[in-house]
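Just below is one structure, and these are the notes that go with it.
In this note's numbering, the protein residues as written are 15 to 231.
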């Protein structure tokens with residue numbers, strides 16, 4: 015069974031290299047968003063490009079901002095399961111601060127160069143020991159994409175939950191703290207835990223997928 019993997023904001027498939035899953039993981043590459051394109055329209059373009067849903071048995075995995083895209087894709091394509099790592103399922107799970115910032119629409123006026131924070135701040139916020147990898151990802155991130163993604167995150171309207179959800183959050187995630195009783199919490203996991211806690215997360219995902227597949231037989 016294929017699992018389509020959507021990485022975090024501006025990141026690429028390198029974050030998936032640390033996972034060891036029982037299923038085939040197919041990384042999805044970000045495409046350039048159109049001007050003022052909605053997250054739903056963007057998700058539909060990814061579905062078309064990768065033929066997601068053309069096969070009856072597949073899963074979706076999203077990390078951080080990629081989790082929002084994964085949720086929108088899941089609502090359209092009906093996968094066997096959806097996996098969210100260091101992400102949120104609905105707008106209700108956004109922090110109060112992010113909701114306030116979203117209402118002000120300030121993101122539209124923030125210069126792009128300010129969206130690439132000093133490395134020391136990034137290391138602290140992501141809470142990772144893999145500083146070289148994180149620095150490389152941040153340096154290669156398209157800031158136009160970053161601004162679009164932040165706008166869509168802050169203005170995300172989704173209130174719909176998805177079935178067969180595997181939601182994994184880190185207890186020390188400073189960017190998107192784990193919320194909801196359905197979240198499986200990784201102790202001492204930070205926002206970059208898909209790399210730093212890859213072995214633990216892999217075992218958890220494999221176990222949860224087996225449970226879902228057995229229930230749906």
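Note that CB positions come from ideal geometry on N, CA and C, so glycine has one too.
Values in this document were obtained by computation on a predicted structure and should not be read as measured data.
- Of the other Cβ atoms in all chains shown, fewer than 16 fall within 10 Å of the Cβ of residue 224; this residue is therefore exposed.
- Residue 160 is a Cβ neighbour of residue 23, given a cutoff of 8 Å.
- Using a Cβ-Cβ distance cut-off of 8 Å, the region 175 to 192 and the region 212 to 222 are in contact, since at least three pairs of beta carbons, one from each stretch, lie closer than that value.
- In the DSSP annotation of this structure, the continuous segment of the alpha helix (DSSP H) that includes residue 159 starts and ends at 157 to 168.
- Residue 42 and residue 110 have their C-alpha atoms spaced approximately 30 Å apart.
- Between the beta-carbon of residue 81 and that of residue 102 there is about 7 Å, and that keeps the pair under the 8 Å contact cut.
- The continuous beta strand (DSSP E) containing residue 38 extends over residues 38 to 42.
- Burial check for residue 199: the Cβ neighbour count within 10 Å stays below 16, so the residue is exposed.
- In the three-state reduction of the DSSP assignment, residue 30 falls in the helix class, which pools H, G and I.
- For residue 20, the CB contacts under 6 Å within the same chain, skipping 5 residues up- and downstream, are 42, 76, 80, 83, 84 in chain order.
- Counting along the chain, the unbroken beta strand (DSSP E) around residue 199 starts and ends at 197 to 200.
- Look at residue 102 here: in three-state DSSP terms it is coil, with no helix or strand label.
- Residue 104 sits away from residue 197, with the two beta carbons spaced by 8 Å or more.
- Membership of residue 77 in the beta strand (DSSP E) is indicated by the continuous run 72 to 77.
- The closest CA to that of residue 205, considering only 218, 217, 189, is found on 189.
- In the displayed model, residue 152 falls within a helix according to three-state DSSP.
- Residue 55 counts as exposed, since fewer than 16 other C-beta atoms from the protein chains shown sit within 10 angstroms of its C-beta.
- Residue 138 counts as exposed, since fewer than 16 other beta carbons sit within 10 angstroms of its beta carbon.
- Taking 8 Å as the upper bound for CB-CB distance, residue 57 and residue 87 are in contact here, some 5 Å apart.
- The beta carbons of residue 99 and residue 215 sit closer together than 8 Å.
- The criterion of a C-beta distance shorter than 8 Å is not satisfied by residue 185 and residue 172.
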